[in-house]
Amino acid sequence: MNWQEFFTYDNMIDLAISIGIFLLFLVFRKLFAKYVFTLLLKLGNKSPTKLFAEIFIAFKKPVEWTFTVIGIYIAASYFPHFNQGNEFFKNMIGSMYIFLFTWGFFNLASADSIFFKGINKKMEFDKDNIIIPLLSKALRFIIVAIALTVVLQQFGYNVTGFVAGLGLGGLAISLAAQDILANMIGGFVIITEKPFTKGDWIVTPSIDGTVEEIAFRSTKVRTAADALVVVPNATLVKEPITNWSKMDKRQNSFDLTLTYETPQEKVETVVRQIDYLLKNNPEIDQETILVKFNKYNENGYNIMVYYFTKTTAWAEYVSVNETVNFNIMELLRDENIELAVPARALYVQDSRDSQEKNAMKRESDH
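Take a look at the structure:
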């Protein structure tokens, strides 16, 4: 066909109709976006679950492009010398519909969707929002994989062998990445069982510090020396974990040793007064307070002091203990009582005396 045969009067009429139909559907697309979608969104927002509103938002762009695809398909029937029944064209149109349908569900599978928000709220993953993005990505991957399979079948490809090849390849990859899979399983266990969360202070045989990040492969812990340690999750789940942040109160205990010159009534006074100080301190837990003269040390009377602070925060805990220590110091000063100090005797031989003795010995020998 030459250009003269194409630019005939009838062909120009058909071409104008084809272009007009396509432009008309573009107008329909604009009207839908401006009026129909706005109305549907208002109706969806009035529903109790907001599910319909989220569906409308997810499928907004795919529906807009659906008008374009329909316009192309109808306009093609009027396009001069174009065979609308062409197999390739029909497959392309079908693939476009599949793509738009997939696009909508892909948007709906977002980690911020109402479906995953419900799971997040029910499973209490708010603080460690890690598993929800993974589930979202997995669901999106499945949606895209199914869509790709349908499109390939649309064009006549046999996907059975392709899927079988993927299965064998996945098996080989899984065998080669056993450590990675073990860490991912460990991460899943940590996230679901929640032995600790972000911000918790944990102690294990391999790490002591504050949890900064929990991922599926590893957990990042900040130590007291401000070093960031990345611990594989497979290691963490195999070890006993002490979560100090989960304690309701925090223990403190120490011993005071009074000299043996301290009279008995003074020892009793110290025990009674320390007990009184602790029981009248609002920062001290009142369930377990022990102040006892419990044993004789080598250099004095030993008084055991044992209590719990109500706070578990490290800085506040140290502050409460400091107040207790100052109160005890003031008590001992008022009662004129001294703490026992371990005695040590140091014998030093004068080097000059030693040299003189050695010289006298040598002279007597001669």
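Per our numbering, the sequence shown runs over residues 92 to 457.
Beta carbons: idealized from backbone N, C-alpha and C, even for Gly.
All figures in this text were calculated on a predicted structure; none of them were measured in a lab.
According to DSSP, residues forming a beta bridge with residue i
| i | result |
| --- | --- |
| D299 | V294 |
| T310 | I305 and V322 |
| T400 | R341 and I375 |
| L430 | L349 |
| N239 | Reading off the sequence shown, one finds Leu at residue 239, where the question assumed Asn. None; L239 has no bridge partner. |
| K228 | Answer is none; K228 lacks a bridge partner. |
| V280 | V280 pairs with nothing; no bridge assigned. |
| L381 | Y397 |
| Y408 | Looking at the DSSP assignment, Y408 forms no beta bridge with any residue, so it has no partner. |
CB of residue i within 9 Å of CB of residue j, strictly
| i | j | result |
| --- | --- | --- |
| Y397 | V382 | yes |
| L131 | F147 | yes |
| L117 | T159 | yes |
| W292 | S227 | no |
| F192 | A124 | no |
| I184 | I112 | no |
| K357 | I428 | yes |
| F384 | N343 | no |
| N372 | V415 | yes |
| I189 | V242 | yes |
| T288 | D339 | no |
| Y423 | L430 | It should be pointed out that residue 423 corresponds to Leu in this sequence rather than to Tyr. Closer than 9 Å, so yes. |
| L114 | Y169 | no |
| I365 | K401 | no |
| P433 | E378 | no |
| E271 | R308 | In the sequence as displayed, the identity of residue 271 is Ile instead of Glu. Taking 9 Å as the Cβ cut-off, I271 and R308 qualify as a contacting pair. |
Buried versus exposed, by CB contacts within 10 Å (16 or more), residue i
| i | result |
| --- | --- |
| L347 | buried |
| I110 | exposed |
| R341 | buried |
| F196 | buried |
| L230 | buried |
| P153 | buried |
| A200 | buried |
| Y387 | exposed |
| T129 | exposed |
| Y408 | buried |
| Y392 | buried |
| T353 | buried |
| M290 | A quick correction: the sequence has Gly, not Met, at residue 290. Looking at its Cβ environment, which holds fewer than 16 other Cβ atoms inside 10 Å, G290 is exposed. |
| L122 | exposed |
| M420 | exposed |
| V362 | buried |
| V179 | In the sequence as presented, Val is not what sits at residue 179; that position holds Phe. With fewer than 16 other Cβ atoms within 10 Å, it is exposed. |
| A406 | exposed |
| F417 | exposed |
Completely contained alpha helix (DSSP H) runs for the segment 328 to 379, where each covers 4 or more residues = With a minimum length of 4 residues, the continuous alpha helix (DSSP H) runs that stay inside the segment 328 to 379 are 355 to 370.
inquiry  = Using 8 Å as the cut-off, can you tell me whether the segment 291 to 307 makes contact with the segment 342 to 357, which would need three or more C-beta pairs spanning the two stretches below that distance?
reply    = No: the two stretches stay apart, fewer than three of their Cβ pairs being nearer than 8 Å.
ask   = For the segment 104 to 168, which segments carrying the alpha helix (DSSP H) assignment without a break, of at least 4 residues, lie completely within its bounds, in sequence order?
value = Fully enclosed alpha helix (DSSP H) runs of 4 or longer: 128 to 136, 142 to 149 and 151 to 167.
message = Under 8 Å, with one C-beta from each stretch per pair, do the segment 331 to 340 and the segment 309 to 317 reach the 3-pair mark?
response = The segment 331 to 340, when compared against the segment 309 to 317, does not touch it at the 8 Å Cβ threshold.
message = For the pair the segment 271 to 284 and the segment 320 to 328, tell me if three or more CB-CB distances fall below 8 Å.
response = Touching, yes.
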